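Chemist: One structure coming up, written as structure tokens, with questions to follow.
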Amino acid sequence: MFARLFRATALCVVASAMLPVAAMADIIIVGSSVPKLKVGDVVADNAVLDIPAAARVRVILPSGRTREIAGPFKGKVRDITNGEAGDASFWNDIKRVVTSQKRADESVVGAVRSVAPASHGKNARRYVRPAPEKSGPRFSWRAVSIDADGDVCIEKAAPLTLVRGQAGRPESVTIVNRQSQKRAIAEFGVGSATAAWPRTLAVDVGLYAVVLADGTKRSLRLRPISPLPAADDTLRVLHGQRCLKQVEAWISGLITASR
């Protein structure tokens, strides 16, 4: 009896472990010149991908690699993802990022339509120019944002630039190496969104504190990368190092480039 119960339990565990893998045979569209394939679409593994001649589609595979598929092409998604090892945590994070960016784009389109001028006549609405769309941070291996906490993947031994979201008044920020307790000052000039990483402060793997002029503190973990991955492998490396803000910036760049 106990043997049968053990075997049944083991089968249930194996079956449940296999379920997420099957779901991760899908692909995510991050660039497309095919009207029916929209950026942000998750295409199931049993769906047929039909790309006409001269068209191109860029997808994220379950492994985290990106791949551009040029037309003419017609085949099932599972033929594209065959042999790709998946990871549930990675896949869920990527879908969340792509979906949120898709919603943001749709919100901008909706806002533009809502302020579009109505038909002529005394009841016509006055046209109000929409506010310019805010662009997210650009991806870089050499830029370190001081606007948020988190892990930052950087090119090993490369010169770094500190970045702030709002360029305006001059600002001095203090950078502290939490391991060695060494510190240095970085200076943002008037109207500048960037400042050079202090030359007197070594760039090592580990935690750094950033103290802003108003006393706000940020905690950053630098993760030097060498050699840098190929473009199609970048997303997987960033996620593996938990550089999630750069994951968002990388995907945003892919989507922007496809427009």
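Numbering (the numbering used here), first residue to last: 2 to 260. Built from N, CA and C at the ideal position, the CB exists for glycine as well. Computed from a predicted model, the values in this text were never measured in an experiment.
Would T67 and L255 be called neighbours here (beta carbons separated by less than 8 Å)?
Modeler: Translated into the one-based positions of the sequence shown, residue 67 becomes position 66. Translated into the one-based positions of the sequence shown, residue 255 becomes position 254. In contact: T67 and L255 (Cβ atoms closer than 8 Å).
Chemist: State the Cα-Cα distance for the pair L62 and I28, rounded to the nearest angstrom.
Modeler: The residue you call residue 62 lines up with position 61 of the sequence shown. The residue you call residue 28 lines up with position 27 of the sequence shown. Between L62 and I28, the C-alpha separation is close to 5 Å.
Chemist: Report, in whole angstroms, the separation of the C-beta atoms of T175 and W198, which I expect to be a contact under 8 Å.
Modeler: Looking up residue 175 in the sequence shown gives position 174. Looking up residue 198 in the sequence shown gives position 197. About 13 Å; that fails the 8 Å criterion.
Chemist: Does the Cβ-Cβ distance between L239 and R222 come in under 8 Å?
Modeler: Stepping through the sequence shown from its first residue, residue 239 is reached at position 238. Stepping through the sequence shown from its first residue, residue 222 is reached at position 221. For L239 and R222, no; Cβs fall outside 8 Å.
Chemist: Quick test of your reading: R57 and A71, contact by CB under 8 Å. State the CB separation rounded to the nearest angstrom.
Modeler: The sequence position of residue 57 within the sequence shown is 56, counting from 1. The sequence position of residue 71 within the sequence shown is 70, counting from 1. Between A71 and R57 the Cβ distance is about 5 Å, and since that is below 8 Å, they are a contact.
Chemist: How is E69 classed by DSSP in three states: helix, strand or coil?
Modeler: The residue you call residue 69 lines up with position 68 of the sequence shown. Here E69 sits in strand by DSSP.
Chemist: Under 8 Å, do I30 and G41 count as touching if we go by C-beta distance?
Modeler: Position 29 of the sequence shown, counted from the first residue, corresponds to residue 30. Position 40 of the sequence shown, counted from the first residue, corresponds to residue 41. Yes, these two residues count as a Cβ contact at 8 Å.
Chemist: Can you find at least 3 beta carbon pairs, one from the region 81-99 and one from the region 241-257, that sit closer than 8 Å?
Modeler: Yes: the two stretches touch, three or more of their Cβ pairs being nearer than 8 Å.
Chemist: Taking 8 Å as the cut-off, decide whether the C-beta atoms of I155 and P225 are in contact.
Modeler: Position 154 of the sequence shown, counted from the first residue, corresponds to residue 155. Position 224 of the sequence shown, counted from the first residue, corresponds to residue 225. Yes. Within cutoff.
Chemist: In this structure, does DSSP put L161 in helix, strand or coil?
Modeler: Position 160 of the sequence shown, counting from 1, holds the residue named residue 161. If DSSP states are grouped into helix, strand and coil, L161 belongs with coil.
Chemist: Out of curiosity, what's the CA-to-CA distance linking A203 and V211?
Modeler: Taking the sequence shown and counting its residues from 1, one reaches residue 203 at position 202. Taking the sequence shown and counting its residues from 1, one reaches residue 211 at position 210. Going by the C-alpha atoms only, they are around 14 Å apart.
Chemist: Which first and last residues belong to the beta strand (DSSP E) in which V248 is found?
Modeler: Here residue 248 refers to the residue found at position 247 of the sequence shown. From DSSP, V248 is part of no beta strand (DSSP E) but of the alpha helix (DSSP H) over 245-258.
Chemist: State the start and end residues of the unbroken beta strand (DSSP E) segment that holds L208.
Modeler: Taking the sequence shown and counting its residues from 1, one reaches residue 208 at position 207. Note, L208: beta strand (DSSP E), 207-212.
Chemist: Taking DSSP as the reference, what is the three-state secondary structure of R224?
Modeler: Counting from 1 along the sequence shown, the entry for residue 224 is found at position 223. In the structure shown, R224 sits in a strand (DSSP, three-state: E or B).
Chemist: So is A187 buried or exposed if we call it buried at 16+ other beta carbons inside 10 Å?
Modeler: Position 186 of the sequence shown, counting from 1, holds the residue named residue 187. A187 should be labelled buried.
Chemist: Taking 8 Å as the cut-off, decide whether the C-beta atoms of V164 and S146 are in contact.
Modeler: Counting from one through the sequence shown, the residue named residue 164 turns up at place 163. Counting from one through the sequence shown, the residue named residue 146 turns up at place 145. Yes, the Cβ-Cβ distance between V164 and S146 is below 8 Å.
Chemist: Check the DSSP bridge columns for I28 and list the partner residues they point to.
Modeler: Indexing the sequence shown from 1 puts residue 28 at position 27. According to DSSP, which records beta bridges pairwise, I28 is partnered with V44.
Chemist: For A23, which of helix, strand or coil comes out of DSSP?
Modeler: Within the sequence shown, numbered from 1, the residue matching residue 23 stands at position 22. Low confidence applies to A23: its pLDDT is 39, below 50, so where it sits in the model is not reliable, and the reading given next is rough at best. In the structure shown, A23 sits in a helix (DSSP, three-state: H, G or I).
Chemist: What does DSSP give as the partner residues of S146 in its beta bridges?
Modeler: To locate residue 146, count along the sequence shown from 1; it is residue 145. S146 pairs with V164.
Chemist: Cα separation between E69 and R79?
Modeler: Taking the sequence shown and counting its residues from 1, one reaches residue 69 at position 68. Taking the sequence shown and counting its residues from 1, one reaches residue 79 at position 78. When rounded, the distance between both Cα atoms is 16 Å.
Chemist: Starting from the Cα of G170, find the closest Cα among G151, G190, A158 and give me that residue.
Modeler: Position 169 of the sequence shown, counted from the first residue, corresponds to residue 170. The sequence as given places Arg at residue 170; Gly does not occur at that position. Of the listed residues, the one whose Cα sits closest to R170 is G190.
Chemist: Can you pull the DSSP bridge partners for G76?
Modeler: Here residue 76 is taken as the residue at index 75 of the sequence shown, counted from 1. DSSP, once it has assigned bridges, lists L50 as partnering G76.
Chemist: Indicate the three-state DSSP secondary structure (helix, strand or coil) for S136 in the structure shown.
Modeler: Here residue 136 is taken as the residue at index 135 of the sequence shown, counted from 1. Caution is warranted here: a pLDDT of 49 is assigned to S136, below 50, making its placement in the model unreliable, and the coordinate value is therefore given only provisionally. Reduced to three states, the DSSP call for S136 is coil.
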